[in-house]
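Numbering (my numbering), first residue to last: 32 to 116. By construction, the Cβ of each residue, glycine as well, lies at the ideal position given by its N, Cα and C atoms. In what follows, a single structure is set out as structure tokens and then discussed.
Structural data, given as structure tokens:
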């Protein structure tokens with residue numbers, strides 16, 4: 032039985048993209064840096080999340096009313112965290 036894994040094209044592209052940005056471990060992920068490198072404006076506002084594109088202008092608005100329920104901890108485990116008020 033062959034248990035080899037072949038990465039799909041999207042996973043290969045993302046891995047190469049992260050390496051171009053100097054991202055090698057999860058702690059180095061930074062959504063502002065990634066968005067900037069793709070020419071996308073990233074906003075945090077108290078309204079529903081959405082994406083907008085008009086010509087060459089691209090933006091993503093992220094709902095800032097409720098902070099994440101998960102946080103990264105040592106060893107790559109996700110733990111439940113209390114949302115910010």
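Rounded separation between residue 85 and residue 35 - CA only = 43 Å
Simplified DSSP state of residue 84, which is helix, strand or coil = strand
When you compare only the Cα positions, how much space is there between residue 44 and residue 76?
-> 30 Å
Coarse secondary structure for residue 92, derived from DSSP in three states | strand
Return the CA-CA distance between residue 62 and residue 87, expressed in angstroms with no decimal places.
-> 20 Å
Going along the chain, which residues of its own chain have a beta-carbon closer than 8 Å to the beta-carbon of residue 74, five neighbours each way excluded?
-> 90, 91, 92, 93
Quick one: measure Cβ to Cβ for residue 65 and residue 52, integer angstroms, because I've assumed they're closer than 8 Å.
-> 7 Å
Tell me residue 76's beta-bridge partners as DSSP assigns them.
-> 94
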